[in-house]
Every structure is written in structure tokens, then in C-alpha cells.
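To convert a position in the sequence shown, counted from 1, into the numbering used here, add 4.
Beta carbons: idealized from backbone N, C-alpha and C, even for Gly.
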Amino acid sequence: MNSFAVLAIVFINVALLGFACFVFWFTFRAMRTVPWIRTRRFIRKTLLELADVQPGEVVVDLGSGDGSIVLTAAQEFQHKVWESNNFVF
5 MNSFAVLAIV FINVALLGFA CFVFWFTFRA MRTVPWIRTR RFIRKTLLEL ADVQPGEVVV
65 DLGSGDGSIV LTAAQEFQHK VWESNNFVF
């Protein structure tokens, strides 16, 4: 490998690391400043009624916070549910 290729690889790695740090900083800054508010019960029920989930379909809630929507779907509407939240409140 010539020195130009090595410098190009180093530059790309440093740029990717810098971009990752930039995204990480803004993501976690936003998570600290945005207030968490639970969805009201009547709104959860209305959303699930409007979704018109058919038998065999699954209610998916990505980044679901406390999981209240999927809990309502499972408990009150007997839907199959799946939720994913990497940052539990």
C-alpha cells in the first residue's frame, strides 16, 4: 500500500468517528431535553380502534416508552403485540 492509500483510510476512519460522535451527542442531548408524557387512555383506545387491526396481524410499537399502547392493545383488544425500546424511562 502506498502512503496515499493509508492516509485516505485514516481520514475516512477519523471522519466516520467524528460523525458518530456528532450524532451520539445530539441524540442523547435531545433525549434529556424532550419531556416524556404518557398517551392518555382514550387516545390509546381511539388509535387502536382506528388502526383496525385484523386477526393474525401484530401491533408493533418501536421506541414505545412505557409500552402503554401495546399493553392496551394486548389487554383490551386481545391483539398480538411487539414493542422495542432501547431506552426505558
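- Residue 83 is positioned such that its CB atom lies closer than 8 Å to that of residue 57.
- By the neighbour-count definition (other C-beta atoms within 10 Å, threshold 16), residue 50 is an exposed residue.
- Burial state of residue 31 is exposed, judged by a 10 Å Cβ sphere holding fewer than 16 other Cβ atoms.
- About 5 Å separates the Cβ atoms of residue 73 and residue 48, confirming a contact at the 8 Å cut-off.
- Distance between residue 79 and residue 52, taken at the CA atoms: about 12 Å.
- Relative to the Cα of residue 70, the nearest Cα in the group 18, 43, 8 and 22 belongs to 43.
- In the assembly as shown, residue 18 is an exposed residue. Its beta-carbon has fewer than 16 other beta-carbons within 10 Å.
- Taking every protein chain shown into account, the CB of residue 85 has 16 or more other CB atoms within 10 angstroms, so this residue is buried.
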